[in-house]
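Notes follow the structure.
There are 2 protein chains.
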Amino acid sequence: MTRADRPTIRDVARAAGVSKGTVSFALNGRPGVSEDTRERILAAARDLGWTPSTKARALSVSRSFAVGLVLAREPELLGADPFFPSFIAGVERTLSDRGQALVLQVVPESEEEAGYRRLAGAGRVDGVFLLDLRVDDPRMALLEELGMPAVSIARPDVPSGFPAVLVDDRPGIAAAVEHLAGLGHRRIAHVAGPAHFLHGSRRRRAFEDALAEAGLPAGPVVEADFSAAGGAAATRRLLDSDVTAIVYSNDLMAIAGLSVAVECGRAVPAELSVTGFDNTDLAGYVSPALTSVRTDPYLWGRKAAEALLDLIDGGTVDDVPVPAAQLVIRASTAPPPPQ
Amino acid sequence: MTRADRPTIRDVARAAGVSKGTVSFALNGRPGVSEDTRERILAAARDLGWTPSTKARALSVSRSFAVGLVLAREPELLGADPFFPSFIAGVERTLSDRGQALVLQVVPESEEEAGYRRLAGAGRVDGVFLLDLRVDDPRMALLEELGMPAVSIARPDVPSGFPAVLVDDRPGIAAAVEHLAGLGHRRIAHVAGPAHFLHGSRRRRAFEDALAEAGLPAGPVVEADFSAAGGAAATRRLLDSDVTAIVYSNDLMAIAGLSVAVECGRAVPAELSVTGFDNTDLAGYVSPALTSVRTDPYLWGRKAAEALLDLIDGGTVDDVPVPAAQLVIRASTAPPPPQ
DNA sequence: CGGAGTTACTAAACCGGTTTGATCGAAACA
DNA sequence: TGTTTCGATCAAACCGGTTTAGTAACTCCG
Chain A
47 MTRADRPTIR DVARAAGVSK GTVSFALNGR PGVSEDTRER ILAAARDLGW
97 TPSTKARALS VSRSFAVGLV LAREPELLGA DPFFPSFIAG VERTLSDRGQ
147 ALVLQVVPES EEEAGYRRLA GAGRVDGVFL LDLRVDDPRM ALLEELGMPA
197 VSIARPDVPS GFPAVLVDDR PGIAAAVEHL AGLGHRRIAH VAGPAHFLHG
247 SRRRRAFEDA LAEAGLPAGP VVEADFSAAG GAAATRRLLD SDVTAIVYSN
297 DLMAIAGLSV AVECGRAVPA ELSVTGFDNT DLAGYVSPAL TSVRTDPYLW
347 GRKAAEALLD LIDGGTVDDV PVPAAQLVIR ASTAPPPPQ
Chain B
47 MTRADRPTIR DVARAAGVSK GTVSFALNGR PGVSEDTRER ILAAARDLGW
97 TPSTKARALS VSRSFAVGLV LAREPELLGA DPFFPSFIAG VERTLSDRGQ
147 ALVLQVVPES EEEAGYRRLA GAGRVDGVFL LDLRVDDPRM ALLEELGMPA
197 VSIARPDVPS GFPAVLVDDR PGIAAAVEHL AGLGHRRIAH VAGPAHFLHG
247 SRRRRAFEDA LAEAGLPAGP VVEADFSAAG GAAATRRLLD SDVTAIVYSN
297 DLMAIAGLSV AVECGRAVPA ELSVTGFDNT DLAGYVSPAL TSVRTDPYLW
347 GRKAAEALLD LIDGGTVDDV PVPAAQLVIR ASTAPPPPQ
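Chains as they are written, first to last, in my numbering: chain A, 47 to 385; chain B, 47 to 385.
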């Protein structure tokens, strides 16, 4: 019943008739071991079913072979966000190839700093991902202080010393506005995410710029919180105005908004056009199907993990470009009603 | 710039004028250290800002101080599922209190076994959570073979030797059926999840039992895959039949189904009643607002983590009861149209 | 006053790897 | 043939904790 203890490098050494050190060299493919011996050692290791102990390696080389991700969002908001699962799946894709693990930490917002400090203090991870960047994000300085390598998703406003995956939401928002303008809309509103989030404020900014670019007057902007409730409330306020289209900062708010519009007797898209952002699984299956901006968090995750591991391995890492988001046109957008 | 190396237990020992061993005893609150000395040591540790090295502790006590979660779902399905983020948040709640970390692994379905083996082989985790139980789940035997402690969410069909958090979906489904029956519905359909998933087949079974219990004839059941696309397709098939209500196995399919019904000109709830499962954030903000079953994955996560840690600490752990799910009645259910 | 038991502590081994410094034998060179 | 050089190998130290065995001093008891 009790399985035999796992073989250690010492057992392999004994079996191959060499010393521990030689085994270590052989297994790590380092020079100074004869081809003959190397093969004998590898065979012995295979026969014994030897696997390196991460614990021992971690201690001797002062590495954790793991990277961390701290999430300070409320669980409810997380639940509705399609970003994380895909992002994490992408991260894993890279990590598992390179023998690393992902340590996840979900904390209340008030304990965010403590979360990073715990991870660093206990030496649990060799680096972290920086998500949900905020304006004047205090985490940059914190990580610098902790001496913790990091890769951010999207480039922060102030140069951070950390490489970033150059996620840029602006082309997606711009495409949505252009699409609406092209359909003939002139009074377009925006339901924004919280301004203290970089992606919240940048999408808003992109919206404003795109309106100007299209030669349209500035439209109303309502700040919401990326939640369904927030999207619904914001929409209610906008329905009083005379806008003919609303660009939402994410799909969740857009879908909630869509329902509010319908309940208020506004036909979508005949009387009101609506666009989302994220292109969630559900976007194509609401009624009318939601025009949205497709992003690729899986790819971002892969790239971010590659960059982070390279950084940890001591390389200098440049910012990582990624393809721009694409507008997916569905049934929720149409020409505005003839005035 | 280069921060001073972190102090080790040796530095603390030196500062307090005692041996390493004594420091270890003092810090772990073990007997055999005078009150005087203990305080001196604690003070020294505090002054030096000492933090135990997880790496070193892990090696010497053969523990990882981490638990694992392997997800073999497709990223798209994960993205839409509100379960994980909440569950993980609950898990973290317990883990962080007890100084443990969560190692996440997202793998393609084909590599599920490899995922567990990697985690076990490298000694990354001391135990794992078992989610998305399947009928005849091979992971039970695998984990037994690996000697890896585990806690499952929901009780498997065959006794597994692992404790389970007794999540039971049946009362929720039963409540939905009773609610519909009480409204006067007699022909009720079910859109089920994949039958090889325990929660898929159990919800279906609960549906069938509840119909019988209510004295209603068996209704049509369509098996789908928990996705929006699947829910939409299943709904299309059911609209041809003469059912007046559909009980969905999750909210995502229900919301997609709702849209299909509307697009086919069936008024909800006037002509067709619809219920979901999960009570996602969005449920209350679609039109009509979705009657759904509220579950509590955050609590499950907390309980599961407690059980797992207790199990790892060598305790014998019983199955953990949790409160039954509650039906949340909203606007998507109403009496059937007068025939 | 001597032996047993207890308390507080130290020194050293240990966990399983990596890494350094020393050693040894054979080939290369003068 | 003696010396040098080099590749292959080994023994031992090290990472930073925990744990065990051993010891010195101190108390208790007859």
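Every residue gets a Cβ at the ideal spot worked out from N, C-alpha and C, and that includes glycine.
Within 8 Å, strictly: CB atoms of residue i and residue j
i, j, result
"residue 249/B", "residue 268/B", "no"
"residue 374/B", "residue 345/B", "no"
"residue 338/B", "residue 231/B", "no"
"residue 300/B", "residue 321/B", "yes"
"residue 61/A", "residue 105/A", "no"
"residue 110/B", "residue 152/B", "no"
"residue 222/B", "residue 314/B", "no"
"residue 100/A", "residue 168/B", "yes"
"residue 83/A", "residue 72/A", "yes"
Terminal residues of the alpha helix (DSSP H) in which residue i lies
i, result
"residue 37/A", "Summary: the structure shown does not reach residue 37/A, with chain A confined to residues 47 through 385, and so no result is reported for it."
"residue 140/B", "129-143"
"residue 117/A", "Not the alpha helix (DSSP H): residue 117/A falls in the beta strand (DSSP E), residues 112-117."
"residue 176/A", "Element bounds for residue 176/A: not the alpha helix (DSSP H) but the beta strand (DSSP E), 173-176."
"residue 257/B", "244-259"
"residue 344/B", "343-358"
"residue 225/B", "216-229"
"residue 190/A", "185-192"
"residue 306/A", "297-309"
Any C-beta of chain A under 8 Å from that of residue i
i, result
"residue 283/B", "no"
"residue 170/B", "yes"
"residue 130/B", "yes"
"residue 151/B", "yes"
"residue 268/B", "no"
"residue 319/B", "no"
"residue 27/B", "Outside the displayed span of chain B (47 to 385) sits residue 27/B, for which this structure offers no information."
"residue 305/B", "yes"
"residue 357/B", "no"
"residue 294/B", "no"
"residue 338/B", "no"
"residue 167/B", "yes"
Contact with chain B by residue i, beta-carbon distance below 8 Å
i, result
"residue 40/A", "A query on residue 40/A cannot be resolved here, the shown segment of chain A reaching from 47 to 385 and no further."
"residue 278/A", "yes"
"residue 101/A", "yes"
"residue 238/A", "no"
"residue 83/A", "no"
"residue 301/A", "yes"
"residue 49/A", "Residue confidence is low: residue 49/A scores 48 on pLDDT, short of 50, so the model does not pin down where it sits. Its coordinate-derived value is still stated next. Chain B, which has a Cβ nearer than 8 Å to the Cβ of residue 49/A, makes this yes."
Beta-carbon proximity list for residue i, same chain, < 6 Å, skipping 5 on both sides
i, result
"residue 388/A", "For residue 388/A there is no data in the structure shown, the boundaries of chain A being 47 and 385."
"residue 132/A", "343 and 344"
"residue 285/A", "310"
"residue 186/A", "206"
"residue 364/B", "none"
"residue 150/B", "115"
First and last residue of the uninterrupted beta strand (DSSP E) at residue i
i, result
"residue 340/A", "338-340"
"residue 68/A", "It is not in any beta strand (DSSP E) - residue 68/A instead sits in the alpha helix (DSSP H) that spans 66-73."
"residue 107/A", "No beta strand (DSSP E) holds residue 107/A; the alpha helix (DSSP H) holding it covers 100-107."
Contact set for residue i: own chain, Cβ-Cβ below 8 Å, skip 5 residues either direction
i, result
"residue 238/A", "246, 247, 249, 250, 253, 267, 268, 269, 270 and 295"
"residue 335/B", "329, 376, 377 and 378"
"residue 63/A", "86"
"residue 184/A", "159"
"residue 88/B", "72 and 73"
"residue 241/B", "181, 247, 250 and 269"
Nearest-angstrom Cβ-Cβ length linking residue i and residue j, presumed shorter than 8 Å
i, j, result
"residue 113/A", "residue 357/A", "That belief does not hold up - the Cβ atoms of residue 113/A and residue 357/A are roughly 10 Å apart, past 8 Å."
"residue 135/B", "residue 347/B", "7 Å"
"residue 333/B", "residue 305/A", "4 Å"
"residue 211/B", "residue 219/B", "Not a contact, Cβ separation roughly 18 Å."
"residue 264/B", "residue 224/B", "That belief does not hold up - the Cβ atoms of residue 264/B and residue 224/B are roughly 16 Å apart, past 8 Å."
"residue 162/B", "residue 117/B", "About 12 Å; that fails the 8 Å criterion."
"residue 274/A", "residue 331/B", "4 Å"
"residue 397/A", "residue 217/A", "In this structure chain A extends from 47 to 385, so residue 397/A is not present and cannot be described."
"residue 234/A", "residue 289/A", "6 Å"
"residue 384/A", "residue 316/A", "Not confirmed; about 11 Å, so no contact."
Own chain residues within Cβ distance below 7 Å of residue i, not counting five before or after
i, result
"residue 276/A", "270 and 299"
"residue 194/A", "166, 173 and 174"
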